[in-house]
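Below is one structure, written out as structure tokens; the observations come after it.
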Amino acid sequence: MISAELVKETAKKVGFDLVGITSANPLSTLAPLLQERQRQGKEPEFVSSDIEDRIDPKRFFPEVKSIIMVALNYYHNTFNGEHGECNFSRSAWGVDYHRMMRGMLEQMGQTLKQIEPALTYKSFVDTGPLVERELARRAGLGWIGKNASLITPEFGSWVFLGGMAINFELEEDSPVDKDCGNCRKCIDACPAGALEEAYCVNPSRCLSYVSQRKGYLTAEERELLQNRLYGCDTCQEVCPINVKLAKDTTHKDLKPLNHLSMSLAEIASMDNSQFKARLATTAAAWRGKTNLKRNAIIALANSGDPRMAPILKSCLDDPSPVIRGYAAWALGKLPGDRAEVLQVLENALARETDARVKEEIAMVLDKLQ
Ligand code: B12
Ligand code: SF4
Ligand code: SF4
């Protein structure tokens, strides 16, 4: 027979840093919040548009009686190798946590099933429809900070969340009774004003989302991204609770990989094989190579360093139209020999076939002439 105690012991043995249990009751308090967010268009394209799917664990797993919530500390302060000028959020420093945590949850499920053959389960990490921060809060893993993150008393907010719905009823944990008090450092520090009010992120402004959104970004978004290639950590870095509690992860797979030592120039010009060799195993890869290259070009433009012009010129011949368009825009932003840039862009316009890229080049030429 499985018990809450046995489940927690098993989760710890598998390697999870934190574990808590909550009921299968729907996350009813979130329904009006999600409806309002939908109405205001404040939901990113990659979450389910069916609110019931996001708040009702039974929709996810009809036999569910309890939910085991787990957390992994992923913080790392320093890393081997140079950081270069690239800024990846810490969630993308080590191996892709989705793969890692799914494997650990499966190991936990199999171990529990050996003890209780009648157990059935279904796991989730990030990509499932259920709102994980709320499940984790209810399971007693931590409280919700004004930066919307789940803050744990052990590691601050530097934790990944995951969960497992099971067909056995277990004793529930109680939520942690803590809050941010009068602090509002994260709200004041957010460079994009995405924390429009306490606890509430407007995803369309959040730079984490902007870095992951495909295609052309507005001029304001390009500037706000600065050198962020994937994700944004600002509202977690400024949090005094994190400053106090952050400790390096003990999970060797979450230690920084060597993509952190790549330069912006290398990322802006990488081909498929370089992308696969350096980035494919990280969480930064899921939106594809082009997004990372685009963000590197934006970072090169924001660097204001004229020595980056040759790499941008070579990007004008990239197979991806988005990259060619951004390279033209970035060349127009960098200081340097205007006459030479004009010549390079006129040549690029003459051989360009993509309508949007032609538009981008024409806009830069207009400005420079
Ligand atoms: C979509 C998504 C995003 C979107 C939108 C984020 C958002 N806040 O809505 C974008 C791309 C912007 C994003 C960014 C990030 N994300 Co994200 N994301 C998700 C995802 C897939 C769904 C979140 C969701 O449903 N949002 C809808 C809102 C309602 O939910 P929420 O933000 O979780 O809201 C909670 C509180 O903010 C509060 N709340 C929200 N609004 C309001 C309003 C009021 C008035 C009140 C009182 C409360 C309140 O209630 C909710 C539950 O308690 C989850 C995984 C999952 N399936 O849950 C990961 C998840 C939330 N993300 C995660 C991470 C790590 C990040 C980043 C730190 C990554 C990075 N470094 O760039 C940033 C942090 C940005 C931030 N400050 O929130 C972790 C969070 C871990 C933690 N400790 O909290 C999750 C759980 C993934 C995981 N499995 O580990 N994310
Ligand atoms: S992740 Fe960055 S942009 Fe998003 S709310 Fe936090 S500080 Fe603002
Ligand atoms: S910075 Fe302050 S307000 Fe924001 S989450 Fe941390 S403690 Fe809460």
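Numbers 79 to 447, taken from the numbering used here, label the letters of the sequence shown in order.
Backbone N, C-alpha and C define an ideal beta-carbon position, used for all residues, glycine too.
Being a predicted model, the structure only gives us computed values, none of them experimental.
K354 versus N373 - alpha carbon distance | 17 Å
Relative to the C-alpha of I229, which residue among K411, R115, L108 and Q314 is closest?
-> Q314
Comparing alpha-carbon positions, which option in T100, S126 and M147 lies nearest A89?
-> M147
Reduced DSSP category for Y287 - H, G, I as helix; E, B as strand; rest coil | helix
Outcome for R215 when other beta-carbon atoms lying within 10 angstroms are tallied against a minimum of 16 = buried
Which residue or residues does DSSP assign as beta-bridge partners of C278?
-> E275
In chain order, each alpha helix (DSSP H) run of at least 4 residues that lies wholly inside the segment 369 to 411 = 387 to 393 and 399 to 411
Can you grab the Cα-Cα spacing for the pair V92 / G234, in whole Å?
-> 21 Å
Proximity winner among G309, A379 and L423, relative to R168 (alpha-carbon distances) | G309
Does DSSP put T339 in a helix, in a strand, or in coil?
-> Note that residue 339 is Ser in the sequence shown, not Thr. Three-state result, S339: helix.
Measure the C-alpha to C-alpha separation of V142 and G220 and round it to an integer number of angstroms.
-> 23 Å
Terminal residues of the continuous beta strand (DSSP E) containing V97?
-> L96 to S101
For the beta strand (DSSP E) holding M147, just list the boundary residues, first then last.
-> S144 to N151
Through-space distance from C317 to G223, alpha-carbon basis | 9 Å
Just checking, does the segment 367 to 387 make contact with the segment 178 to 192 on the three C-beta pairs under 8 Å criterion?
-> no
Cα-Cα separation, N350 to F246 = 46 Å
In three-state terms, what does DSSP make of I67?
-> Because the chain is modelled from 79 through 447, residue 67 falls outside the range shown and cannot be assessed.
Three-way DSSP call (helix, strand, coil) for R215 in this model | helix
When we look at the beta-carbon of M79 and count the other beta-carbons within 10 Å, is it buried (16 or more) or exposed?
-> exposed
For ligand 3, any of its heavy atoms closer than 7 Å to the Cβ of V254?
-> no
Out of curiosity, what's the CA-to-CA distance linking G240 and L378?
-> 36 Å
Quiz: which residues have CB nearer than 6 Å to ligand 5 non-hydrogen atoms = Within the structure as shown, ligand 5 is missing, the only ligands being ligand 1, ligand 2 and ligand 3.
Closer than 7 Å by C-beta to K191: which residues in its own chain qualify, once you throw out the five before and the five after it? Chain order, please.
-> L197
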